[in-house]
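The next block holds one structure in the form of structure tokens; read it before the comments.
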Amino acid sequence: MPVAQKLAYGGGAFADNTMQNGINTMANPVFNMTLAVDPGMVSTALALPRLWDAVVDPFVGSASDNARTRWGRRKPFIVTGSILCGLLFALVWMVPHGWSQWGYFSHFLAMSLLFYTAYAVFAMAFGALGMEMSPDYHERTRVMAYKTFFGSVSGISTAWMLWLSQRPCFSDTLDGMRWVGAGIGLTIALLGILPALFIKERTQAAVTRQKKLPLIKSLKEAVGVKPFRLLLYSVALMAVGIFMVNSLGYYINIYYVHGGDMRAASAVQGWSGSTYCLSSMAALPLITWASTRFGKRRTLAAALCFPLAGTLLKWVCYNPAYPYLQLVPVLLMGSGMAALWTLLGSMVADVCDVDEFEHGVRREATLNAVFAWAFKFGLTLALLLSGFVVAFSGFKAELGGGQAAEALVIMRLLYMLVPATALALTIFIVLRFPIDEKDAYAIRAKLEARRAGAA
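Residue numbering for the sequence shown follows the UniProt record's numbering, starting at 1 and increasing by one per position.
This is the structure we're talking about:
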């Protein structure tokens, strides 16, 4: 596959990652810290649109699979979704000073609902396009590696949005974010349309003869594919295990490592985010090589041992005497999670062939929607539990840096053991994934023979 097409898909991945994380990154600095909106209202306005997003995904995925336009099944959705997301991202921050809390809440919630609806339009088609770009077992992994790489570049740039909004040329964070948001919105729109402009839909001619697929029947058949269910279990389990205790890292860094000094902790936190993304990017060549040499299943199982080791090392690496030692677990987490997202995406593409072999249809967008729904289900459950985890630990905000030793011990144990358990179970599931290189090529050969006979 031409590198130019993979680069175009990478450009879309930069936009995709920015759409996923941009609003979450700046919501509290703008609406809570600058405009004094209650943090509970901000978190509600963040959570409800993601729930809505999960509900919308299967409908949009089915619509993309059933689309029969002169431009294909994916491109109209990608162009429409990216342009709308770019516009709506800018509008999220276009509020004045002086509104009531409910006014800000209503604006933020309404804009976020519209934004994540547009994001679903883009993301389901974009994910499906990546799955169908190549029929080759190994080339699919390389496509997903480009996606992970440029998504990590976006992760680094997203981490600097707050810094950009604080430049002296702006009167405050809100003023800065109006301009930064407009620039990011333009970037989303321009990079988001690149896949539609430069990537040809490989299956477009074949699916013109395919009957349209009823949504409920299509979802049942997709979930009925056994290898696909294993991937759904894996992504949901990882979402719960990682994100349920992810926020504890902030508490441990601030209140245990730095004794309540938020300014000092923020510098380490910033380097932590950059280290995570850079380690993800650096690991990708090794991941693609190992996948070609040893297969996706064994490579992913081995790669997940790195974050498993990293999460166990949290107990000793979050150390008040050596604050930057906490970058060691982050380094291991970043490389392993890069393998997770790269290889799971490639394995879903392999499942698309199994689905076609069993049911006679191509529905990459529906499979992508179900996969995304499983992740968002796990993420939503994790976010709902995360507040109770903090309360369970015994943390008291009013104590500041004088937290009870027992509370910090409980936090540290949960921060180590919950993701370690999820990672161990995920490795167990991944090792049972039945499709290897030989199976994938055998299924591909049978599909090509079937198509030749039907022509």
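By construction, the Cβ of each residue, glycine as well, lies at the ideal position given by its N, Cα and C atoms.
Next item on the list: Indicate the three-state DSSP secondary structure (helix, strand or coil) for N24 in the structure shown.
Entry: helix
Next item on the list: Pick helix, strand or coil for N319, following the three-state DSSP scheme.
Entry: strand
Item checked: Nearest candidate by alpha-carbon position, reference D57, set L425, R450 and G81 -> G81
Notebook entry, point to check: Taking the Cβ atom as the reference point for each residue, do L213 and S62 lie within a distance shorter than 8 angstroms?
Noted result: yes
Check: By Cβ distance below 7 angstroms, which residues in the same chain neighbour P29 in space, the five residues on each side in sequence not counted?
Finding: L162 and T173
Checklist line | Supposed close pair L84, L237 - CB separation, criterion 8 angstroms | finding: The pair is not a contact, with the Cβ atoms about 33 angstroms apart (cut-off 8 angstroms).
Note to self: My output table needs one value for P214: the three-state DSSP class, helix, strand or coil.
What the structure shows: coil
Margin query: Which residue marks the beginning of the alpha helix (DSSP H) containing H359, and which one marks its end?
Written below: L327 to H359
Next item on the list: Take the Cβ of G40 as the centre, count every other Cβ of all protein chains shown within 10 Å, and call the residue buried at 16 or more, exposed below.
Entry: exposed
Next item on the list: Please report how far the alpha carbon of V430 lies from the alpha carbon of M124, in whole angstroms.
Entry: 24 angstroms
Item checked: Classification of E448 by the beta-carbon crowding that lies within 10 angstroms, buried from 16 upward -> exposed
Next item on the list: Specify, as a first and last residue, the run of the alpha helix (DSSP H) that F105 falls within.
Entry: Q101 to E132
Note to self: Going by C-alpha to C-alpha distance, which of N17, G103, L308 and N24 sits closest to Y146?
What the structure shows: N17
Check: Roughly how many angstroms separate the alpha carbons of G11 and G402, rounded to a whole number?
Finding: 46 angstroms
Next item on the list: Rank F149, W99 and L46 by C-alpha distance to the C-alpha of L109 and give the top, closest one.
Entry: L46
Item checked: DSSP three-state assignment for I435, whether helix, strand or coil -> coil
Note to self: When you compare the CB positions of G310 and L327, do they come within less than 8 angstroms of one another, or not?
What the structure shows: no
Next item on the list: Can you give me the start and stop residues for the alpha helix (DSSP H) that V56 sits inside?
Entry: P39 to N66
Next item on the list: Under 6 angstroms Cβ to Cβ from A303, same chain only, skipping five residues before and after it: list those, please.
Entry: G336 and A339
Notebook entry, point to check: What's the C-alpha gap between G394 and G378?
Noted result: 25 angstroms
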